[in-house]
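**Q**
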RNA sequence: GGCUCUAUCGUCUAGUGGUUAGGACGAAAGCUUCUCAAGCUUUAAACCGGAGUUCGAUUCUCCGUAGAGUCACCA
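In the UniProt record's numbering, the protein residues as written are 1 to 447.
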């Protein structure tokens, strides 16, 4: 039994996006499942377009997602290896120096071309079955600009050979490159690896996913407050499934259950709503400390100050905040729009707001609040919990009409049309602030 | 256009020569504390079309159609 070696081979000409993540994930899963090796190889043979910042972004993203590699290579460090094979192939007569007439600026007058044997190449794809191509149409393709500048197809084949890659798992945009790579492989005398081509990830309009469709870099999802577990789970289930109805799949389960033949053959449309749903699920599994950190990070300066000075209130707010978001950056928006202010500061509002839709008489509303105040007064400060508050007010509210009591009460506490329920709110604010706010509402109603 | 690949609810998908074609996201309705959110329950929602094989095709074959990828001295 030979060792399984897979690789992820991005070119640093762009950021790490969702589609690449899936390719990396599947390669990684396959290696881990088989106790094999996962190689990360930066394909930077295009000196013009390759940028260090993109390489950093890719490394950063993979690291954050936990897709750790066992070996790392950069093609630009491997020139002598490509050169050696180039010379070798020339000696064998498989490659020749070709005189050219440059058609565009930058083109060479002499390049290295591969002597195409012009035959039909058939290969097996673990995800799709057998595929064959007639390579005649390719002609004698260029494999290097010169001995120091190999082109993609050549460098890939040499590297996969030299690194002992056994399984090539990559996007199906590379499927039509495979025959020519096999040709080079055969000239090199390299064994043929096992191929598995993954379908593309598409935008909602079925076109190729791009930035304008909301396809962000993985690092941007991180900044938006998505969790790596959610991204991995989401991406894994686009084009693969564990063989049952499970939607939440842990990494450990994926490693156990992953299988190449189960990979979907058609492209999958990126569905941000499902990602959000998954992210919300994983957010709920976070500890209080982690939640507090993520939230605190995204509060306004004022709110941060309040939170620091009122740790009890802040910690009680956390479950409420979490309930309303599916990714953490939403906290920023909510915080900036003043959504959390009433937890710390007595709200200001128009008196009409405190009136329930079915009970518009301010005098009656005020009387009901007075009764609420009276009922609340019996509760000891130390036992001011949602349960005790509810018990105190509930019967009375039910008797006279819940909305006519609870709406003004809740509005007095929050000053908002929408908010958590009055019992939770009151318990967070504490007895003193609750009474103060209700008294203020009564005054306002009678003014 | 040539070549290659693909085709089940709006989306991600399960599944089978005979099924009420299953699940999830989203949507709608209801319930649960007045509002919001969450949660729970329920509902609507699909086998691209046409031939053929067959007692019977969503499933197998062929032909259409549609979509995608690819055709560089990019990767």
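All C-beta atoms, glycine included, are put in the ideal place defined by N, C-alpha and C. Small disclaimer: the values here were computed from a predicted structure and weren't measured.
My guess is that residue 42 and residue 75 are in contact by the Cβ rule of under 8 Å, so how many angstroms apart are they, rounded?
**A** The residue you call residue 42 lines up with position 42 of the first chain. The residue you call residue 75 lines up with position 75 of the first chain. That belief holds up - the Cβ atoms of residue 42 and residue 75 are roughly 7 Å apart, short of 8 Å.
**Q** Assuming the contact rule is C-beta atoms closer than 8 Å, residue 5 and residue 164 should be a hit. Round their C-beta distance to whole Å, please.
**A** Sequence index remark: in the first chain, residue 5 carries index 5 (1-based). Sequence index remark: in the first chain, residue 164 carries index 164 (1-based). Yes, they are in contact, since the Cβ atoms of residue 5 and residue 164 sit about 5 Å apart, within 8 Å.
**Q** If you measure between the beta carbons of residue 82 and residue 155, is that distance less than 7 Å?
**A** Walking along the first chain from the start, residue 82 turns up at place 82. Walking along the first chain from the start, residue 155 turns up at place 155. Cβ atoms of residue 82 and residue 155: closer than 7 Å.
**Q** Output the boundary residues of the alpha helix (DSSP H) element that contains residue 403.
**A** Here residue 403 refers to the residue found at position 403 when the first chain is read from its first residue. Residues 402-414.
**Q** If you scan the region 167-235 from start to end, which runs of the alpha helix (DSSP H) of 4 or more residues do you find wholly inside it?
**A** Counting whole runs of 4 or more residues, the region 167-235 contains the alpha helix (DSSP H) stretches 178-188 and 218-224.
**Q** May I have the straight-line CA-CA distance separating residue 312 from residue 382, to the nearest angstrom?
**A** Against the first chain, residue 312 aligns to sequence position 312. Against the first chain, residue 382 aligns to sequence position 382. Using only the alpha carbons, I get a separation of about 13 Å.
**Q** Considering Cα atoms alone, identify which of 169, 147, 176 and 191 is closest to residue 161.
**A** As a first step, residue 161 must be located in the first chain, where it is residue number 161. Comparing Cα-Cα distances from residue 161 to each of 169, 147, 176 and 191, the minimum goes to 191.
**Q** Exposed or buried, residue 97, counting other C-beta atoms within 10 Å across all chains shown (16 or more means buried)?
**A** For this step, residue 97 is matched to residue 97 along the first chain. Exposed, since its Cβ has fewer than 16 Cβ neighbours within 10 Å.
**Q** Using a threshold of 7 Å, state whether the C-beta atoms of residue 298 and residue 64 are closer than that.
**A** What you label residue 298 is simply residue 298 of the first chain in a count that begins at 1. What you label residue 64 is simply residue 64 of the first chain in a count that begins at 1. No, Cβ-Cβ distance for residue 298 and residue 64 is not below 7 Å.
**Q** Going by the CB atoms, is the gap between residue 267 and residue 179 shorter than 7 Å?
**A** The count along the first chain starts at 1 and reaches residue 179 at position 179. The count along the first chain starts at 1 and reaches residue 267 at position 267. No, Cβ-Cβ distance for residue 179 and residue 267 is not below 7 Å.
**Q** Can you list, in chain order, the residues of its chain with a C-beta nearer than 6 Å to that of residue 158? Leave out the 5 residues immediately preceding and following it.
**A** Counting from 1 along the first chain, the entry for residue 158 is found at position 158. Excluding positions up to five away in sequence, the list reads 82 and 85.
**Q** Give a yes or no on whether the C-beta atoms belonging to residue 12 and residue 20 are separated by under 7 Å.
**A** As a first step, residue 12 must be located in the first chain, where it is residue number 12. As a first step, residue 20 must be located in the first chain, where it is residue number 20. No; because the gap between Cβ atoms is not below 7 Å, this pair is not in contact.
**Q** Using the Cα positions of residue 115 and residue 265, report the straight-line distance between them to the nearest angstrom.
**A** Within the first chain, residue 115 is the residue found at index 115, counting from 1. Within the first chain, residue 265 is the residue found at index 265, counting from 1. Spanning the two alpha carbons is a distance of roughly 33 Å.
**Q** Name the one or two DSSP bridge partners that residue 268 has.
**A** Translated into positions along the first chain, residue 268 becomes position 268. DSSP output for residue 268 lists 201 as bridge partner(s).
**Q** If you count every other CB in all the chains shown that lies within 10 Å of the CB of residue 348, and 16 or more means buried, which is it?
**A** Counted from its first residue, the first chain places residue 348 at position 348. Classification of residue 348: exposed, given that the 10 Å Cβ count is below 16.
**Q** Tell whether a beta-carbon distance below 7 Å holds between residue 22 and residue 235.
**A** Working through the first chain from its first residue, we reach residue 22 at position 22. Working through the first chain from its first residue, we reach residue 235 at position 235. For residue 22 and residue 235, yes; Cβs fall inside 7 Å.
**Q** Where do the ends of the beta strand (DSSP E) carrying residue 124 lie?
**A** Start at 1 with the first residue of the first chain, and residue 124 comes out as number 124. Unbroken beta strand (DSSP E) run through residue 124: 120-125.
**Q** Residue 187 and residue 169: beta carbons closer than 7 Å?
**A** Position 187 of the first chain, counted from the start, is the residue given in the question as residue 187. Position 169 of the first chain, counted from the start, is the residue given in the question as residue 169. No, these two residues do not count as a Cβ contact at 7 Å.
**Q** With residue 160 as the anchor, note down where its alpha helix (DSSP H) starts and where it stops.
**A** As a position in the first chain, residue 160 is number 160, starting the count at 1. Element bounds for residue 160: 152-162.
**Q** Among 138, 413 and 232, whose alpha-carbon lies nearest the alpha-carbon of residue 26?
**A** Translated into the one-based positions of the first chain, residue 26 becomes position 26. Cα-wise, what sits closest to residue 26 is 232.
**Q** Just tell me which of 134, 202, 377 and 304 has its CA closest to the CA of residue 117.
**A** Along the first chain, read from residue 1 onward, the residue named residue 117 stands at position 117. When only C-alpha atoms are compared, the closest one is 134.
**Q** Along the chain, where does the beta strand (DSSP E) containing residue 144 start, and where does it finish?
**A** As a working mapping, residue 144 is identified with position 144 in the first chain. From DSSP, the beta strand (DSSP E) with residue 144 extends over 142-146.
**Q** Less than 7 Å between the beta carbons of residue 411 and residue 354, yes or no?
**A** Here residue 411 is taken as the residue at index 411 of the first chain, counted from 1. Here residue 354 is taken as the residue at index 354 of the first chain, counted from 1. Their beta carbons are under 7 Å apart, which means residue 411 touches residue 354 by this criterion.
**Q** Express the C-alpha separation of residue 270 and residue 332 in angstroms, rounding to a whole number.
**A** For the purposes of this step, residue 332 is taken as residue 332 along the first chain, with counting starting at 1. For the purposes of this step, residue 270 is taken as residue 270 along the first chain, with counting starting at 1. Distance between the alpha carbons of residue 332 and residue 270: 25 Å.
**Q** Quick one: Cα of residue 243 to Cα of residue 251, how far?
**A** As a first step, residue 243 must be located in the first chain, where it is residue number 243. As a first step, residue 251 must be located in the first chain, where it is residue number 251. Residue 243 and residue 251: Cα-Cα distance of roughly 15 Å.
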